[in-house]
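Numbering (the working numbering), first residue to last: 1 to 396. By construction, the Cβ of each residue, glycine as well, lies at the ideal position given by its N, Cα and C atoms. For reference, the structure is listed below as C-alpha cells.
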Amino acid sequence: NSYSFSFEVEERPVEPRLRFMQGAYQTIPLIPTPGQEYTIVVRVDNLGQTDATGLSLTLYSDVDGEGWIEIGQDNITIIPGSDSSSGYDEARFAIPENLSIVGGTDFRVSMSGDGVESEFSELRFTVVVNEVGIDSPVRLNLLSGESVIDFVGMEESGLLFTTVDGELHVRTVTESSSGAWATLADVKLADSWAGELTAILRDDGLVHAAWTENVLSQQGYFLSHIAMTSITSAGETTEKQTHMQAIKLSEGRYWGLDMAKKGDRIVLAGYHRDIATGGSYNDITSIFVLMSDTPLIQSSWSSSNILTNIDIKPSQGDALAIALGEENMHILYQEIRDDVTGIDRVGLMYAHGKEWNPSWSFQYSVGDFASNAQLEVYQKNDRDVLAATWVEGFGG
C-alpha cells in the first residue's frame, strides 16, 4: 500500500535558536556509583543559521526536597549555526562524592546568553545512582533460530529463557574463573510454548517461572493452560504445576502475565480472553489473579477475577504490571478508551485492591497511547508509594 501527502518544509530561522533536545543529558559513567564523583554532560543545540555566542550554563541540585543548590557553572564560547544542520556543544559538570547517593537526585540546568529564550532556558532531569555496573558484552552460544525471551539475575549467575522450534527452554548462565560468562545447563520447560512467560527471583534463591503452553486433548483439540515451576541456579526444576482451566485455542487465551512477591507470597496476574463465555460467545476479557504463600504446593494456589469486561485484545496490548504493597496489590493494565477525544486508543489504567478479593472497585486512567508499563512499590510512613514508568506513543 502507498499513501501520498503534502507537507511544508520551514526554513531554519536566521537568528540563533537554542534548545535542549530530547536526551540532552547523560552521565559518565552511565550508571553512577554511590560515594564516587561522576560527570553530567549537557548538550545544547543551535537550530538557527547564525552562531550563538557567550553562553553560560548553571547546574543546580535538589537533595531530599530541601531546595535548589548551585553545583557549578560552565561556559560555551560559540555554537555554530547552519542552514542545513544543527550545531551543538556540551557543558560538563562534576558531581561531588557527597551528592552521589543511592536513589534519584533531581537536577536543573539554567542557560543564559545570546539567542536564549526564557521559555527554553531550563532543563530538568533526574539522575539515578545505584550499586550496579555495566559489564562487557557477553557472547552466548545459542542454536540456530533460538531467541532470547527473558533473563533473571541470581546471586552469582542467572537464568536465560529462550525459545526454539516452538519449545520453551531455560539455560543457566555462569561466570567462570577467568571472568568470562558461559551458558551451561539447558532445560526444556515446554514442548509447545504458547507465547507467554513471566519469572521472578524468590527470597529463597529460586526463580519461579510461569508460562502458557499448548497440550493435545484426548479428543484431538489443542488446549492452552498456565504452567509453573521453580528453578535453581544449576537448572534443576521442581515438579511442574498446571493452573487455570485448559481452553481451546479457538475459544480463548491467557496472556499478558506478570508476577510479584511479598515475603513468601507469590502472585501471578494476567488477562483471560474468554471467547466462548459458556456458549454465548460474548468474547469477554477479564484480569485474573493466582496467589499462594507456599508456591511449591499446587493445591495452595487460589484464583479470582479482579476486573471484568476489559476492552483489549492480545494484538493490541502487552503484559500487565503488578506490585504487592503493605496496603494493597497494585496493577497497571491496558484498555481501549475513546473519552475526551472520541478517538480509540490504547490507554493505561490503574487499579488496586486486596489480592485475595475479587471484583476490585478502584480504577483510574493514567496514560494514553501507552505500552510497556513497569511498576514498583515501596513504603513511606507506612503507606504504599508507587514508582511507575510506561511508553507513550512509539518506543521500546
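* Asked: By Cβ distance, which residues of its chain are closer than 7 angstroms to VAL132, with the 5 residues on each side in sequence left out?
  -> ILE31
* Give the range of the beta strand (DSSP E) segment to which PHE107 is assigned. => 103-112
* Once you ignore the five residues that flank GLU392 on each side, which residues in its own chain have a CB closer than 7 angstroms to its CB? -> GLY367, ASP368, PHE369, ALA370
* Does the Cβ of ILE69 have 16 or more other Cβ atoms within 10 Å, making it buried, or fewer, making it exposed? -> exposed
* Enumerate in chain order the residues of its own chain whose CB-to-CB distance from GLY396 is below 6 angstroms, with the five nearest sequence positions on each side excluded. => Because GLY396 sits at a pLDDT of 45, beneath the cut-off of 50, its placement in the model cannot be relied upon, and the following sentence gives the value as read from the coordinates. Correct list: empty, nothing qualifies.
* To do: Please list the segments of the beta strand (DSSP E) lying wholly inside the segment 226-273, counting only runs of 3 or more residues, in order along the chain.
  => 241-248, 252-262
* Cβ separation of THR308 and ILE284, assumed to be a contact under 8 angstroms, to the nearest whole Å -> 7 angstroms
* To do: Determine the DSSP secondary structure at SER144, reduced to helix, strand or coil.
  => coil
* Asked: Which class does PHE120 belong to by DSSP, given the choice of helix, strand or coil?
  -> helix
* **Per DSSP, the bridge partner or partners of PHE125** => PHE107
* DSSP three-state call for THR50: helix, strand or coil? -> coil
* To do: Just grab the DSSP bridge partners of ASP45 for me.
  => ARG19, TYR88
* To do: Specify the secondary structure class of LEU30 as computed by DSSP and reduced to three states.
  => coil
* Asked: With a Cβ-Cβ cutoff of 9 angstroms, do THR58 and GLN73 count as a contact?
  -> yes
* Run the CB neighbour count on SER356, radius 10 Å, all protein chains shown included, and call it buried at 16 or more, exposed below. => In the sequence as displayed, the identity of residue 356 is Trp instead of Ser. Exposed, since its Cβ has fewer than 16 Cβ neighbours within 10 Å.
* Could you name the residues that DSSP lists as bridge partners for LYS188? => HIS169
* To do: Classify MET259 as buried or exposed, calling it buried when 16 or more other Cβ atoms lie within 10 Å of its own Cβ.
  => buried
* In whole angstroms, what separates the C-alpha of SER361 from that of ASP114? -> 55 angstroms
* Look up LEU197 in the DSSP assignment and say whether it is helix, strand or coil. => strand
* To do: Would you decide whether ASN46 is buried or exposed? Buried here means 16 or more other CB atoms lie within 10 Å of its CB.
  => buried
* Asked: How long is the line joining the alpha carbons of LEU206 and THR237, rounded to whole angstroms?
  -> 9 angstroms
* Which value, in whole angstroms, describes the spacing of the CA atoms of VAL385 and ILE331? -> 13 angstroms
* To do: Look at ARG173 and LEU184 and say whether their C-beta atoms are less than 9 angstroms apart.
  => The question names Arg, but residue 173 is Val in the sequence shown. Closer than 9 angstroms, so yes.
* Asked: Excluding sequence positions up to five away, which residues of its chain have a Cβ less than 8 angstroms from the Cβ of TRP301?
  -> GLN241, HIS243, LEU290, MET291, SER292, PRO295
* Separation of SER286 from PRO13, as counted between CA atoms -> 53 angstroms
* To do: State the DSSP-derived secondary structure class of VAL2, mapped to helix, strand or coil.
  => The amino acid occupying residue 2 in the given sequence is Ser; Val does not appear at that position. DSSP places SER2 in coil when its eight states are reduced to three.
* To do: Decide if TYR378 is buried, meaning its Cβ has at least 16 other Cβ atoms within 10 Å, or exposed.
  => exposed
* Asked: DSSP three-state call for THR308: helix, strand or coil?
  -> coil
* **Distance, ILE28 Cα to GLY81 Cα** => 28 angstroms
* CB-CB under 6 angstroms to PHE20, same chain, minus the five flanking residues each way: which ones, in chain order? -> LEU123
* Residues in its own chain within less than 6 angstroms of GLU90 by CB, not counting five upstream and five downstream? -> VAL41, ARG43
* **THR229 versus ILE297 - alpha carbon distance** => 10 angstroms
* Asked: Leaving out the 5 sequence neighbours to the left and right, which residues in its chain are closer than 6 angstroms to ASP318 when beta-carbon positions are compared?
  -> SER371
* Can you round the beta-carbon distance between ASN305 and PRO358 to whole angstroms, since I take them to be within the 8 angstroms contact cut? -> 6 angstroms
* Determine the burial state of ARG383: buried for a count of at least 16 other Cβ atoms within 10 Å of its Cβ, exposed for fewer. => exposed
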